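Residue numbers (full-length UniProt numbering): 1 to 425.
See below:
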């Protein structure tokens, strides 16, 4: 059984024609040859693009696809990708790809390579010529003329990770999924949660042994603990902040030792306070704050009872914390994680646990999948400024009719006053 029906190879030169055919390609087309270029147009259902050189002819590559074909981007160039939208829209072309494979992806790839007997191409040379060949390799670039002594060379120029990310609620589920996705692309991870699982740091290190990762205990339902954390990190330069601490409960209003409802404190007041306290250090280019909590699903709120002391219910609490969150600042992303298998089915009453588990198994995303989408929001250049509501696929949603400047001002003043009152205790 072959990997695909008919493997066809394309290149912008004929230098490797024979090697490519020897590897199993049934057809080879040199796209620099006008005759080959004409023959190959509209010829494939799927195009796997591995090249990542600058200024590549994407219009020509898209022209190789048949209607409703798929372009798989494995090579990601550092410069802008330019193409005519008509190639994509009118012909129904899909463009897919992946930034970084997870450990499971690597395992699957190695398993497939073993089953299909995929082996690397090895050039052998005497040890006495090692230094000479290394020098040649270093001097051979994408733009230099072909060198017969170097058959294949893959060169990916990527800057070393430099960002410091803070993930709050990182001990399990969504926060852990986000932390795993961030590990390969940041220099340092600060993880915060109420508990500290014994193997948390080990799990993160599996994704990237070189990342610096630390854990700090933090209960977001207690404002005094949040203030203690922010005071400690007043001078810390966090580049990305992701907040996903959560609590699922059907109980009535349950007050913390500080007099706030535990769910509202965890989902809203604690998050607001953490970022508000750190605003001075966040006021610089490149900083992103991602608040993960049912974006766009809030409703009408009672401005005369914002802390829900008199009108508390599970639905009112969910609507309030969701609606308040976008009012935090003008530089936030507020994202809905969608239906994620969070493991919180253990918390509701017994009569709800079985159906909840069943629904989760059938329809819920895994935390890892959710993490991929959430991290993609941090990497999206279009989200560099302003505050946005994002859906579970990290796509911008429209504001609801309740997102008004008047409400934003009311909620802002209420929140600051509430926190001030708590901190006087």
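Virtual Cβ for every residue (Gly too), placed ideally from N, Cα, C.
Since this is a predicted model, take the numbers as computed values, not measurements.
Exercise for the section: Note the first and the last residue of the continuous beta strand (DSSP E) segment covering residue 73. Expected result: Here residue 73 is taken as the residue at index 73 of the chain shown, counted from 1. Per DSSP, residue 73 belongs to the beta strand (DSSP E) from 65-73.
Practice task
Would you identify the three-state DSSP class for residue 165, choosing helix, strand or coil?
Solution key: The residue labelled residue 165 in the question sits at position 165 within the chain shown. Strand.
Problem - Spatial distance of residue 239 from residue 290 (CA atoms) - result: Numbered from 1 along the chain shown, position 239 holds the residue referred to as residue 239. Numbered from 1 along the chain shown, position 290 holds the residue referred to as residue 290. For residue 239 and residue 290, the distance between alpha carbons rounds to 11 Å.
Problem - Under the three-state DSSP convention, the category residue 358 falls into - result: For the purposes of this step, residue 358 is identified with residue 358 of the chain shown, where counting begins at 1. Residue placement at residue 358 is poorly supported in this model, since its pLDDT is 48, which falls under 50; the coordinates still yield a value, given next. Here residue 358 sits in helix by DSSP.
Handout entry: Local conformation of residue 331 per DSSP, three classes
Key = In the chain shown, the residue the question calls residue 331 occupies position 331. Below a pLDDT of 50, predicted positions are generally treated as unreliable, and residue 331, at 48, falls in that range; no measurement from the model is reported.
Exercise for the section: Could you check what DSSP says for residue 336 in three-state terms: helix, strand or coil? Expected result: Numbered from its first residue, the chain shown carries residue 336 at position 336. Coil, per DSSP.
Exercise for the section: On the DSSP bridge assignment, give the partners of residue 190 in chain order. Expected result: Here residue 190 refers to the residue found at position 190 when the chain shown is read from its first residue. Its beta-bridge partners are 166, 214.
Problem - Extent of the continuous beta strand (DSSP E) to which residue 373 belongs - result: As a first step, residue 373 is located in the chain shown; it is residue number 373 there, counting from the start. Not the beta strand (DSSP E): residue 373 falls in the alpha helix (DSSP H), residues 367-379.
Handout entry: Whole-angstrom distance between residue 43 and residue 16, CA atom to CA atom
Key = As a first step, residue 16 is located in the chain shown; it is residue number 16 there, counting from the start. As a first step, residue 43 is located in the chain shown; it is residue number 43 there, counting from the start. One C-alpha to the other measures close to 21 Å.
Practice task
Check whether the Cβ atoms of residue 72 and residue 112 sit closer than 8 Å, and answer yes or no.
Solution key: Residue mapping note: residue 72 aligns to position 72 of the chain shown, counting from 1. Residue mapping note: residue 112 aligns to position 112 of the chain shown, counting from 1. Not a contact, by the Cβ cut-off of 8 Å.
Exercise for the section: Give the DSSP-derived three-state secondary structure of residue 6 in the structure shown. Expected result: Mapped onto the chain shown, residue 6 falls at position 6. In the structure shown, residue 6 sits in coil (DSSP, three-state: anything other than H, G, I, E or B).
Handout entry: Own chain, CB closer than 7 Å to residue 419, minus 5 neighbours either side, in chain order
Key = Counted from its first residue, the chain shown places residue 419 at position 419. 223, 269, 273.
Exercise for the section: Give the straight-line distance between the Cα atoms of residue 168 and residue 241, rounded to the nearest whole angstrom. Expected result: Here residue 168 refers to the residue found at position 168 of the chain shown. Here residue 241 refers to the residue found at position 241 of the chain shown. The straight-line gap from Cα to Cα measures roughly 8 Å.
Practice task
Have a look at the DSSP bridge pairing and note the partners of residue 47.
Solution key: What you label residue 47 is simply residue 47 of the chain shown in a count that begins at 1. Looking at the DSSP output, residue 47 shares a beta bridge with 71.
Problem - Secondary structure of residue 243, DSSP reduced to three states - result: Here residue 243 is taken as the residue at index 243 of the chain shown, counted from 1. Residue 243: strand per DSSP, three-state reduction.
Handout entry: With 16 other Cβ atoms within 10 Å as the buried cut-off, status of residue 221
Key = Taking the first residue of the chain shown as position 1, residue 221 is located at position 221. Residue 221 comes out buried.
Handout entry: Beta-carbon proximity list for residue 188, same chain, < 6 Å, skipping 5 on both sides
Key = Your numbering for residue 188 matches position 188 in the chain shown. The answer, listed in chain order, is 164, 212.
Problem - Cross-strand partners of residue 396 (DSSP beta bridge) - result: By one-based count along the chain shown, residue 396 stands at place 396. Its beta-bridge partners are 390.
Practice task
May I ask you to list the residues that DSSP assigns as paired with residue 97?
Solution key: Reading the chain shown from its first residue, position 97 is the one you call residue 97. Its beta-bridge partners are 73.
Problem - residue 40 (DSSP reduced to helix, strand or coil) - result: Numbered from its first residue, the chain shown carries residue 40 at position 40. Three-state result, residue 40: helix.
Problem - Reduced DSSP secondary structure (H/G/I, E/B, other) of residue 261 - result: Locating residue 261 in the chain shown gives position 261, counting from the first residue. Under the three-state reduction of DSSP, residue 261 is assigned to strand.
Exercise for the section: Answer yes or no: do residue 6 and residue 38 have a C-beta to C-beta separation smaller than 8 Å? Expected result: Sequence index remark: in the chain shown, residue 6 carries index 6 (1-based). Sequence index remark: in the chain shown, residue 38 carries index 38 (1-based). Going by C-beta atoms, residue 6 is not nearer than 8 Å to residue 38.
Handout entry: Where the beta strand (DSSP E) through residue 292 begins and ends
Key = Counting from one through the chain shown, the residue named residue 292 turns up at place 292. Where residue 292 is concerned, the enclosing beta strand (DSSP E) stretches over 288-292.
Handout entry: Of the listed residues 247, 116, 62, nearest to residue 93 (C-alpha basis)
Key = Taking the first residue of the chain shown as position 1, residue 93 is located at position 93. If we check each option's Cα against that of residue 93, 62 comes out closest.
Handout entry: Reduced DSSP category for residue 30 - H, G, I as helix; E, B as strand; rest coil
Key = Here the question's residue 30 lines up with position 30 in the chain shown. Strand at residue 30.
Exercise for the section: Apply the 10 Å Cβ neighbour rule to residue 209 and answer buried if 16 or more other Cβ atoms are within range, or exposed otherwise. Expected result: In the chain shown, residue 209 corresponds to position 209, counting from 1. Per the 10 Å Cβ criterion, exposed.
Exercise for the section: May I have the straight-line CA-CA distance separating residue 107 from residue 398, to the nearest angstrom? Expected result: By one-based count along the chain shown, residue 107 stands at place 107. By one-based count along the chain shown, residue 398 stands at place 398. Answer to the nearest angstrom: the Cα atoms are 40 Å apart.
Handout entry: Whole-number beta carbon distance between residue 9 and residue 28, since they are thought to touch under 8 Å
Key = For this step, residue 28 is matched to residue 28 along the chain shown. For this step, residue 9 is matched to residue 9 along the chain shown. The Cβ separation is near 5 Å, so the contact holds.
Exercise for the section: Report the three-state DSSP secondary structure of residue 172 (helix, strand or coil). Expected result: Here residue 172 corresponds to residue number 172 of the chain shown, with the count starting at 1. If DSSP states are grouped into helix, strand and coil, residue 172 belongs with coil.
Practice task
Could you tell me whether the segment 370-387 touches the segment 168-182, using the rule of 3 or more Cβ pairs below 8 Å?
Solution key: yes
Exercise for the section: Give the straight-line distance between the Cα atoms of residue 14 and residue 33, rounded to the nearest whole angstrom. Expected result: On the chain shown, position 14 is the one that residue 14 refers to. On the chain shown, position 33 is the one that residue 33 refers to. Rounded to whole angstroms, residue 14 to residue 33 spans 9 Å at the Cα level.
Practice task
Within 10 angstroms of the Cβ of residue 214, are there 16 or more other Cβ atoms? Answer buried if so, exposed if not.
Solution key: Your numbering for residue 214 matches position 214 in the chain shown. Per the 10 Å Cβ criterion, exposed.
Practice task
Assuming residue 431 and residue 336 form a contact by the criterion Cβ under 8 Å, report the distance between their Cβ atoms to the nearest whole angstrom.
Solution key: Since the first and last residues shown for the chain are 1 and 425, residue 431 lies out of range.
Practice task
May I have the straight-line CA-CA distance separating residue 88 from residue 292, to the nearest angstrom?
Solution key: To locate residue 88, count along the chain shown from 1; it is residue 88. To locate residue 292, count along the chain shown from 1; it is residue 292. Cα to Cα, residue 88 sits roughly 32 Å from residue 292.
Exercise for the section: Within 10 angstroms of the Cβ of residue 325, are there 16 or more other Cβ atoms? Answer buried if so, exposed if not. Expected result: As a first step, residue 325 must be located in the chain shown, where it is residue number 325. Interpretation of residue 325 is limited by its pLDDT of 49, a score under 50 that renders its predicted location unreliable; no figure is taken from the coordinates.
Problem - residue 114 classed as buried or exposed, judged by whether at least 16 other C-beta atoms fall within 10 angstroms - result: Counted from its first residue, the chain shown places residue 114 at position 114. Its Cβ having fewer than 16 others within 10 Å, residue 114 is exposed.
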